[in-house]
Amino acid sequence: MQSYRLLILPFLILAVSFTILYPNFADRTLKIVVKEDVYSLPEADQKVLVTALFERWAKDYGKTSGWTIEPQGTLPPKENPFYTVKGRFITSAKINQISQENQSLVSESKNKLEPTWIEETIRGGKSLSIKLGLDLQGGMRVVLKGDFEDYTSKLKDLYAKELTELNLTLSNQAAKPEEKEKANSRLAEIESSFDLSPMRKIVELEKAKMIIDNRLTTQNLTEPQVRIQKEQDAIEVSLPGVSNSAAILEILQNTETVEYRLEEPTPFLFKTQIADNERRMMDLGKRENTDIFLFQELVKNKAGKKAQDEFLEGLEKKYNIPKDFKVYAMWARGNAAKSALLPRSFVVLERKIALSGNDMTNAQPSYNSNSYGWMVSFTLTPNGAEKFFDLTSQNRGRNLAIVWGDKVISNPVINDPIAGGRAEISGSFSEQEAIRLANVISEGALPIPLSVLEMRFIGPTLGIESIEVGVKAVAIGFFLVMIYMIFYYRLGGFIADLSLLINLIILAALLTLMDFTLTLPGIAGIILTAGMAVDANVIIYERIREEIEEGRALSIAVTRGFENAFWTIMDANVTTLIAGILMIRLGNGPIKGFAITLCWGIVTTLFTSLFLSRLFMELTVNRMGVHHLNLRPFFFGKKETKNA
Amino acid sequence: MRNINFTKYKYFTLSFSFLAIVIGFAVTFGKYGGFAHSLDFNGGLRTVVELPADKTRSDLEGYFQSKNIEAVVILLEKEKNIYQLDIGLGSLDTIESLYKDIPEANRESSTSAIDRFVQLIRYEYKLPKEKVLSADQVGAVVGGELTEVGITLLLTTLAIILLYLSIRSQFKFALASSIALVHDILMTLALIGFLQIKPSVPIIAALLTLLGYSINDKIVVFDRIRENAHGKDNLALSNIINVSITQTLGRTINTSFTTMISVVAIIVGGAVELYDFAFILLFGVIVGTYSSIYIAAPISEIYDQLRKKRFA
């Protein structure tokens, strides 16, 4: 291992590492997007918002960071509604801080940090800058509790029809015994699915977690973390850097489903009854007493889902609607172009869900230039396509309502059986609504409704100032350690420092590449890594010195020193590695963050101290003609080597 | 090089450690009734309020002290005088009884502890509703998980180390290292309890770091003992131990010293909130080094003597 050619390897690794780390130091471009509705504000209000932004800017960013912002002092043009910020070290924490300080001006979820050319080339635009955890930059933490009661009632709707049929079979005298037995076992099977074991709950929570993950990734957020809290049937979502954002909460919690339900069979017995009653009221001039008006009032007063549900249940009682059916409101826009989406009439649908959102995928919003409206087209899963074909061929002439959340948004008549697995929903959508509906279909609905158990905005655990001071202190500490090593081991110390630096660079690059989120325990892991890396070199040098003291030639002493130290270093690191792997497997949160840095730190330490240090040392001794190696501190050391 | 007789003091050091741990835990549980409470570990109530400009942090602290409520007051924003108040679960009963003292007219009926606490603060400082920026009953971030996972983790780690070292060297060294490791953790926990340091995420990080450091330190010393003992069955173990510790002393001092440089830098650097973290680490480095020499080595020797006696 004494050839200069081997130096290619460390250079190569360093080059790759620096490339990966480059985006952290590069000049970057950030687009801060202005909210759409700011443009429709009166000019004076716009001015207030813009002045607030630039006053803060001048105070907090302009002077110290050297960032530039365009356009200066005014609102950007409406066709390009964003400020372009350029500078170094633009972190997600800063981006979020700016948004937070200017909440009524900036549309937080649309801000965009333009990828550097490196990120564009090697990761297709995915970020390569080091991510900071909740404890280092603060953010928002939401704990959402799964509402399993609601979940079972929905399940019951899904099986409603089958259950009636099965019960019918069971009470039918004429049915064969084997048919009854079959019905019985199927009944037991369905009923067992209403029974939620802890295992089942976890499975449902896992599904919900996946969907939340999906929703968050489309929100352009920095490193959200979603995890399940088994003890309280809840999902915890940590959003580092996010300010107290109601919009994000809404996205998380959105349990909107999309499903098809058949309307009551013609001639619409109940619907006609309701409509007749409403008309009578209107004729009497008591519009305020009509149910639809009352319902609209509920919606306008933002009475909430529960009040709306209760109102509809009241209607079911009032009109004696059988258990198999359920009252819904049909929502639409008025005739005026920009009128609100409101309940316009009532429809009575089968309680049974004919086709659920799980049967649909790949939804796309599109503009229909024939009807001047937005619609959503989607694909059905193979299973769904089959169901849809059966449904449409068996129920020709009936209405098939599309229910989005609690709203019936479209209620077309089935004219012909629909095959081929593609369908579309047209209703009176705005562009935003079409996009939302498409998202609900594509991402799937949350399997269980989630209620907010706990939500809080948390500052960084330690305070920004403390972190800055801490990082500085750690840097100074490293620097002093390096000075000490040179003081104590002279040339050996220099080589050890070199390999320590390379070690940290490789480690940083590795962690970045793995999308690791740096937390305080992670930093602790790095400190320990550095400590162990120094220790490895100390062990080696002490061994080399012993060999020298025993009178061996320098090159032999170096080789033997490394060989003797090898197993000690291996043992120490492998044992720590085992402990680290256990921590990753068993722990989460802070323990895991620490263990991940530690484990990768050990890998890089083994490489740098056993391979790189040795390479540098042997090249120094055997190729560069260094014949005297003094591994004693300055001032105290006597000359060690007599012979080369 | 002169040989230093480290094992001479083994009974003294062993009893010293034992005593220190016992005293630490006795004070922790006897005097304080356990470890300090913290929001990270036990959960509690957290409110963020904007106080009138003339109220200061010490006003708040004085108020809580006089009412016997266990609270941590953090200044979040200086200009607006915004404070975060963290209340431990231990004070719920106190809050309950104070809430009952609020005149009927100033009090809304509410059952949740956090509501009652907010009403208390609002009444005391005459705050309008909008000055209470947030109020939550928060769960423990790390506590529940840690007590459960922590012990399993420690035991499994120890078992694996025991196994690994038994295979690589000898059972007695593995056993001694494991006991010394437990010693380090217990010593540190005793100190945390004795000084009533509030457990937090940084403290956990410090404990894990010292665990890693300590394992490393023990293995280096024992590797040397194993190497020196190789093929020298007749030589007294205590002699080998002394030779080995002396040989590795230079390394031990250097490594402890360099690690301490980084840790002291954090303490001197002045990051107030990192002080506990660095302090525990500093203590851990000292204890880890001490236990490799004065706990682990003697235990392996005592174990060896006991075993020889049995088979003699």
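Protein chains in written order, with UniProt numbering: chain A, 1 to 644; chain B, 1 to 312.
Beta carbons are placed, not taken as given, at the ideal position from N, Cα and C, and that holds for glycine.
Worksheet item: Assuming leucine 281/B contacts serine 466/A under a Cβ cut-off of 8 Å, what Cβ separation, rounded to an integer in Å, is found between them?
Response: That pair is no contact at about 16 Å.
Item to complete: For the region 42–111 of chain B, list the beta strand (DSSP E) runs that are entirely contained and at least 3 residues long, ordered along the chain.
Response: 44–50, 71–77 and 82–88
Worksheet item: Hey, out of Arg56/A, Thr68/A, Lys59/A and Glu43/A, whose CA is closest to leucine 75/A's CA?
Response: Glu43/A
Fill in: Where the alpha helix (DSSP H) containing phenylalanine 594/A begins and where it ends
590–606
Item to complete: Indicate whether threonine 576/A and asparagine 216/B have their beta-carbon atoms separated by less than 7 Å.
Response: If you check the CB distance, threonine 576/A and asparagine 216/B come in under 7 Å.
Item to complete: Have a look at the DSSP bridge pairing and note the partners of serine 238/A.
Response: Serine 238/A pairs with Arg141/A and Gln225/A.
Worksheet entry | Distance CB(lysine 35/A)-CB(serine 99/A) smaller than 7 Å | No, the pair does not count as a contact, with Cβ atoms beyond the cut-off.
Practice prompt. List the residues of chain A whose Cβ lies closer than 8 Å to the Cβ of aspartate 223/B, in chain order.
Written response: Trp567, Thr568, Asp571 and Ala572
Worksheet item: Got a sec: which bits of the region 542–553 of chain A sit with their beta carbon under 7 Å from any beta carbon on chain B, in order along the chain?
Response: Glu542
Practice prompt. Using a Cβ-Cβ cut-off of 7 Å, state whether tyrosine 83/B counts as contacting chain E.
Written response: The chain inventory of the structure shown lacks chain E, comprising the protein chains A and B.
Practice prompt. Put glutamine 137/B into one of helix, strand or coil per three-state DSSP.
Written response: strand
Worksheet item: In terms of residue numbering, what span does the beta strand (DSSP E) encompassing methionine 375/A cover?
Response: 373–380
Worksheet item: Who are the neighbours of tyrosine 213/B on chain A, taking C-beta pairs under 7 Å?
Response: For tyrosine 213/B, the neighbours in chain A by C-beta distance under 7 Å run, in chain order, Leu528 and Gly531.
Worksheet entry | CA nearest to the CA of glutamine 253/A, picked from Gln173/A, Ser451/A and Thr608/A | Ser451/A
Practice prompt. Identify whether tyrosine 83/A lies in helix, strand or coil by the three-state DSSP scheme.
Written response: strand
Discussion item. So, under 8 Å CB-CB, isoleucine 591/A and isoleucine 204/B are touching, yes? Tell me the CB distance rounded to an integer number of Å.
Written reply: Their Cβ separation, rounded to whole angstroms, is 7 Å, which keeps isoleucine 591/A and isoleucine 204/B in contact under 8 Å.
Discussion item. If the criterion is Cβ atoms closer than 7 Å, does the pair aspartate 223/B and threonine 568/A meet it?
Written reply: yes
Worksheet entry | Beta-carbon gap between isoleucine 414/A and arginine 396/A smaller than 7 Å | Taking the C-beta atoms as reference points, arginine 396/A is found nearer than 7 Å to isoleucine 414/A.
Worksheet entry | Alpha-carbon spacing of glutamate 640/A relative to serine 3/A, whole angstroms | Note that glutamate 640/A scores 47 on pLDDT, short of 50, meaning its location in the model is unreliable and no value can be drawn from it.
Discussion item. Counting only Cβ-Cβ distances shorter than 7 Å, please list the residues of the region 241–267 of chain B near chain A, keeping chain order.
Written reply: Gly250, Arg251, Asn254, Thr255, Thr258, Thr259, Ile261, Ser262, Ala265 and Ile266
Worksheet item: Which residues bound the alpha helix (DSSP H) around isoleucine 286/B?
Response: 275–291
Worksheet item: Can you tell me where the alpha helix (DSSP H) with asparagine 537/A in it begins and where it stops?
Response: 520–549
Worksheet item: chain B partners of tyrosine 484/A, CB-CB under 9 Å?
Response: Near tyrosine 484/A (Cβ distances below 9 Å), the residues of chain B are Asn254, Phe257, Thr258 and Ile261.
Worksheet entry | For phenylalanine 311/B and valine 287/B, the rounded distance between their alpha carbons | 34 Å
Worksheet item: With distances taken between CB atoms, is the gap from glutamate 350/A to leucine 239/A smaller than 7 Å?
Response: no
Worksheet item: Based on Cα-Cα distance, which residue from Leu12/A, Leu113/A, Phe346/A and Ile540/A lies nearest to leucine 610/A?
Response: Ile540/A
Fill in: Beta-carbon gap between valine 327/A and leucine 312/A smaller than 7 Å
Contact: yes.
Worksheet entry | Short-range partners of chain B found in the UniProt domain "SecDF P1 head subdomain" (344–448) of chain A, where Cβ spacing is below 7 Å | none
Worksheet entry | Nonlocal neighbours in the same chain, by C-beta distance under 6 Å from serine 166/B, ignoring five residues either side | Excluding sequence neighbours, serine 166/B sits near Ala174.
Discussion item. Rounded to whole angstroms, what is the Cα-Cα separation between aspartate 276/B and valine 469/A?
Written reply: 15 Å
Worksheet item: Taking the beta strand (DSSP E) that tyrosine 22/A falls in, what are its first and last residues?
Response: Careful: tyrosine 22/A lies outside any beta strand (DSSP E), inside the alpha helix (DSSP H) at 8–25.
Practice prompt. May I have the straight-line CA-CA distance separating asparagine 111/A from arginine 28/A, to the nearest angstrom?
Written response: 14 Å
Item to complete: Report the residue from Ser366/A, Pro521/A, Phe594/A and Glu433/A whose alpha carbon sits nearest the alpha carbon of glutamate 424/A.
Response: Ser366/A
Worksheet entry | Separation of glutamate 259/A from alanine 434/A, as counted between CA atoms | 15 Å
Discussion item. Count Cβ pairs between the region 53–72 of chain A and the region 133–145 of chain A that sit closer than 8 Å; are there 3 or more?
Written reply: no
Item to complete: Compute the Euclidean distance between the alpha carbons of isoleucine 21/B and serine 291/B, then round it to the nearest angstrom.
Response: 13 Å
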